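Using my numbering, read the sequence shown as starting at 2 and increasing by one per residue.
By construction, the Cβ of each residue, glycine as well, lies at the ideal position given by its N, Cα and C atoms.
Model, not experiment: these values are computed from the prediction.
Following: one structure in C-alpha cells, then a few remarks.
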Amino acid sequence: MSQDFKQAALDYHEFPRPGKISVELTTPAETSKDLSLAYSPGVAEPVRAIAKDPDAAYRYTAKGNLVAVISNGSAILGLGDLGPLASKPVMEGKALLFKRFAGIDSIDIEVDAESPQAFIDTVARIADTFGGINLEDIKAPECFEIERALIERCEIPVFHDDQHGTAIVTAAGMINALELAGKKLEDAQIVCLGAGAAASACMKLLINMGAKVENIFMLDRKGVIHSGRDDLTPEKAAFATETEKRTLEDAIDGADVFVGLSGPNLLSPENLLKMADSPVVFACANPDPEILPDLARETRSDVIMATGRSDFPNQVNNVLGFPFIFRGALDVRATAINEEMKAAAVIALAELAKQPVTQEVLDAYGLDSLEFGREYILPKATDSRLLNAIASAVANAAVDTGVARLPLPEKYKG
C-alpha cells in the first residue's frame, strides 16, 4: 500500500469524527411527554411486559434487529494477535457493513479475556441483549471451542464469520468456477493450502455441498494432513486421508482446484503448471495472495482465478454473505444458523451470478457490460439483489428446518 493510501485510511477513520458508527434515536425525544414515555415513568410498562414474557423484548426493544460483532483480537485480518483494542476498527467496519447492506443495527464489543472459557462466559452473559452474535478475528483452534460452546448456551444465532462467511462465498464461487471448467464438485480433486478456521470451514461446507473428503488434500505448515500423522487436532483429523502425498508439490499434481488460505506467493508457477486442465485457483491470502492473478494467467491461460482482493476480478468477499444471512435469520427469529441455511445461501449466491447484471452494478464499477464467465463467478458487493436473494433463501431454510420462531414474512414468499 502506498503512503498516500495509508494516510487516507487513517483520515477516513478520524474525520469528520473518530470511528465509523454511531447511535441514532428512533423515537421522538423533544417534549416532556416524550421523555416521560422514553424513560421514567413510561418505560416501566415494557419492563413489566418483558418480565412477564421474554419474547416481548423483540416487540418493545431493538433486540430483534441488533447484532453484536465480538472479538478478542487474537487473529486480526492477516496481522495476527494484536489484542482486543486493536481489533476495534475491524469490528466497527463489520458493524458498518451490517447497516449499509442489510439495515441491521450492530455494535462492536472487544473482550479482553484471559482464556477461551472467560471469553465464552462473558459473551454468554450479555447475549440476551442481542438478536444475533457475529464472532470475528478469533484464532484457531480456540475459535472452534468458543463457537461450539456459545451455540449451545445461547438461544440466538451465533456465527463465526471468518469460518462460515468465508466458506459460503468460497463454495458459491467454486460451484460456478467448476461449472465453467466443465467439472463437477463431487469429482474434483481439491488442494487446500492452510488448515486454520477458514480452511476447515471451507472444506467442510464443500463436502456438505457434494465434494468427496477422499479427494481433498489439506496442508498445514508440516505438509499434507494424512492419516499417519499423530499431531492433528480434531478439526484437522477430519480431513486426514490415506495417501502417500506429503508436500504441496505432491498434492498439486493433477489437482482440479487450489484453495489458498495461507500466505503470499506460496503457489509457484511450476506447481500451477502441474494442475489439471482449466484449473480453479482461489488464492485468498490477504493482502498478498498465494499467486498474483497476472502471474497465474501468464503461466496458464486456462486458469479460473479468484482472490480476496477488490482490485482483481472474482473477489471472495465475506460481505457477499454475512449481512444477508443474518437478515434472513433475524426476520424469522431463528435460534441458530444451521448447515441447511448455509447451503441455501451458497446456492442463492451462485445462482445470482448467472442473472443479467443490472445497470446499478455496471455504474458502480464503471463497466459497460459484465456477464457470467471466467472473470465473473460471484456477484458484486453493490448488487442490491443480494439482500432479497440470500435473506429469502436463509429464512426459508430456517423455517423448513424448524429453527425459526416466526413464520416466513410475505416478502420472502414466492
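Counted as a single uninterrupted DSSP element, the alpha helix (DSSP H) harbouring residue 123 occupies residues 117 to 127. Between residue 301 and residue 274 the beta-carbon gap is near 7 Å, inside 8 Å, which marks them as a contact. Comparing alpha carbon positions, the residue from 185, 180, 183, 167 closest to residue 205 is 167. The beta strand (DSSP E) runs lying completely inside the stretch 249 to 318 and spanning 3 residues or more are 258 to 261, 281 to 284, 305 to 308, given in chain order. Where residue 6 is concerned, the enclosing alpha helix (DSSP H) starts and stops at 4 to 15. When the beta-carbon positions are compared, residue 321 and residue 258 stay at least 9 Å from each other. When secondary structure is reduced to three states using DSSP, residue 373 falls in the coil class, being assigned neither helix nor strand. Residue 251 and residue 77 have their C-alpha atoms roughly 32 Å apart.
A distance below 6 Å between beta-carbons, with the five flanking residues on each side excluded, links residue 19 to no residue of its chain.
Apart from the 5 residues on each side of it in sequence, residue 373 sits with its Cβ closer than 7 Å to the Cβ of 354, 355 in its chain, given in chain order. The alpha-carbon separation between residue 36 and residue 143 amounts to approximately 45 Å. Counting every other CB atom within 10 Å of its CB across the protein chains shown gives residue 310 a total of 16 or more, marking it as buried. Beta-carbon to beta-carbon, residue 21 and residue 132 are separated by about 21 Å, too far to satisfy the 8 Å threshold. Burial of residue 343 is indicated by the presence of at least 16 other C-beta atoms within 10 angstroms of its C-beta. Using a Cβ distance threshold of 9 Å, residue 124 and residue 193 do not count as a contacting pair. Here DSSP, grouped into helix, strand and coil, assigns residue 144 to helix. Annotated as proximal: residue 323 and residue 160, with beta-carbon spacing under 9 Å. Rounded to the nearest angstrom, the gap between the Cα atoms of residue 337 and residue 155 is 9 Å.
For the 9 Å CB-CB criterion, residue 89 and residue 111 form a contact. If you check the CB distance, residue 256 and residue 286 do not come in under 9 Å. Under a 10 Å Cβ-count criterion, residue 145 is classified as buried, with 16 or more other Cβ atoms of the shown protein chains found around its own Cβ. Exclusion of the five residues before and after residue 237 leaves 196, 201, 219, 221, 226 as the residues of its chain whose Cβ lies within less than 8 Å of its Cβ. Measuring C-alpha to C-alpha distances from residue 326 to each of 129, 25, 170, 360 identifies 170 as the nearest. Residue 149 sits exposed, since fewer than 16 C-beta atoms from the chains shown fall within 10 Å of its C-beta.
Scanning the stretch 336 to 390 for uninterrupted alpha helix (DSSP H) segments of 4 residues or longer gives 340 to 353, 360 to 366, listed from N- to C-terminal end.
The DSSP assignment places 106 to 111 as complete runs of the beta strand (DSSP E) inside the stretch 68 to 123, in order along the chain (cut-off: 3 residues).
Within the same chain, Cβ atoms closer than 7 Å to the Cβ of residue 212 are found at 186, 187, 189, 191, the five residues on either side in sequence being excluded.
DSSP lists 135 as the beta-bridge partner residues of residue 160. With respect to the 9 Å criterion, residue 347 and residue 173 are classified as neighbours on the basis of their beta carbons. When the beta-carbon positions are compared, residue 401 and residue 341 come within less than 9 Å of each other.
DSSP places residue 22 outside any beta strand (DSSP E), giving it a letter other than H or E. Only residues of its own chain outside the window of five on either side were considered, and among them 286 have a CB closer than 6 Å to the CB of residue 264, listed in chain order.
In this structure residue 72 is not in contact with residue 82, their Cβ atoms being roughly 11 Å apart against a cut-off of 8 Å. Taking all protein chains in view, the Cβ of residue 48 is surrounded by fewer than 16 other Cβ atoms within 10 Å, so the residue is classified as exposed. Here residue 361 is near residue 385, since their CB atoms are less than 9 Å apart. In the three-state reduction of the DSSP assignment, residue 404 falls in the coil class, being assigned neither a helical nor a strand state.
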